[in-house]
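Engineer: Residue numbers (this note's numbering), protein chains in the order written: chain W, 485 to 599; chain P, 75 to 189.
There's a structure below that I have some questions on.
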């Protein structure tokens, strides 16, 4: 199984600012995923990040708001830009392993509060 | 459109009892059905999973039952323990429009096992 480290684990940010979340994996993986989980809610996929190509964003999420970098096979960042209180949420990094990426592993998440 | 419907939203079970969580899906292209367990402050962790060519899978106290014709699957936790208290998510995976395999999550069930 993959071990995923996310930083920071939590942060409180002022509205209008940006926060970059880092995700480090202990093995090389092709696909990395970023999710948002609002308190007490399910997980919503923000985007899929493959190394060497542009991230693919899901409906309702745009690159200007959530730019993603994927410089190598073990690392990715998600930036939450121009934050508003509605961005307060838990952001989770995930990697897929196994046939058809059917085994998903998650980081512990970044709890973001925007004030 | 919610593609994976999960119920109940919350569940209280006495220690030693059976916890049952149900899910239904709509997309017949889904071909892998995992369950995730999430403790507060942690990312989801893969618990058990099943493919649609199998009607039941058991791992220890955890059993998945799968009904392909009804497009339903359920998680049974036998001899439920207080340590099982967590939020459980069913999920389904299949090929997305972007050409990658993505997870679609249910809304989650908060299980509380009382002594």
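Beta carbons: idealized from backbone N, C-alpha and C, even for Gly.
Quick caveat, the model's predicted, so the values are computed rather than measured.
Can you tell which of W:556, W:518, W:538 has its C-alpha closest to the C-alpha of residue 588 (chain W)?
Structural biologist: When each option's Cα is compared against that of residue 588 (chain W), the closest is W:518.
Engineer: Enumerated in chain order, which unbroken segments of the beta strand (DSSP E) with a length of 3 residues or greater are wholly contained in the stretch 75 to 106 of chain P?
Structural biologist: With a minimum length of 3 residues, the continuous beta strand (DSSP E) runs that stay inside the stretch 75 to 106 of chain P are 78 to 81, 84 to 88, 93 to 99.
Engineer: Going along chain P in order, which residues have a C-beta closer than 9 Å to the C-beta of residue 559 (chain W)?
Structural biologist: Chain P residues near residue 559 (chain W): none, gap ~17 Å exceeds 9 Å.
Engineer: Quick one: does residue 532 (chain W) have its CB under 8 Å from some CB of chain P?
Structural biologist: Yes, because at least one Cβ of chain P sits closer than 8 Å to the Cβ of residue 532 (chain W).
Engineer: State whether the stretch 589 to 599 of chain W contacts the stretch 129 to 148 of chain P, with contact taken as three or more CB pairs (one from each stretch) at a distance under 8 Å.
Structural biologist: No: the two stretches stay apart, fewer than three of their Cβ pairs being nearer than 8 Å.
Engineer: With DSSP collapsed to three states, give me the class of residue 127 (chain P).
Structural biologist: In this structure, residue 127 (chain P) counts as coil in the three-state DSSP scheme.
Engineer: Going by other Cβ atoms of all chains shown within 10 Å of its Cβ, with 16 needed for buried, is residue 115 (chain P) buried or exposed?
Structural biologist: With fewer than 16 other Cβ atoms within 10 Å, it is exposed.
Engineer: Which residue's Cα is closest to the Cα of residue 507 (chain W): W:501, W:486, W:496, W:526?
Structural biologist: Of the listed residues, the one whose Cα sits closest to residue 507 (chain W) is W:486.
Engineer: Mind checking if residue 512 (chain W) is an interface residue toward chain P, Cβ cutoff 8 Å exclusive?
Structural biologist: Answer no: the Cβ-Cβ gap between residue 512 (chain W) and chain P never drops below 8 Å.
Engineer: In chain order, which continuous runs of the beta strand (DSSP E) of length 3 or greater are located wholly inside the stretch 525 to 574 of chain W?
Structural biologist: Taking only runs of at least 3 residues, the beta strand (DSSP E) segments lying wholly in the stretch 525 to 574 of chain W are 527 to 534, 552 to 556, 559 to 564.
Engineer: Spell out the partners DSSP gives residue 165 (chain P) in its beta bridges.
Structural biologist: Answer is P:179.
Engineer: Using 8 Å as the Cβ pair cut-off and three pairs as the minimum, do the stretch 534 to 547 of chain W and the stretch 80 to 100 of chain P touch?
Structural biologist: No: fewer than three Cβ pairs fall under 8 Å.
Engineer: If you count every other CB in all the chains shown that lies within 10 Å of the CB of residue 113 (chain P), and 16 or more means buried, which is it?
Structural biologist: Exposed is the call here.
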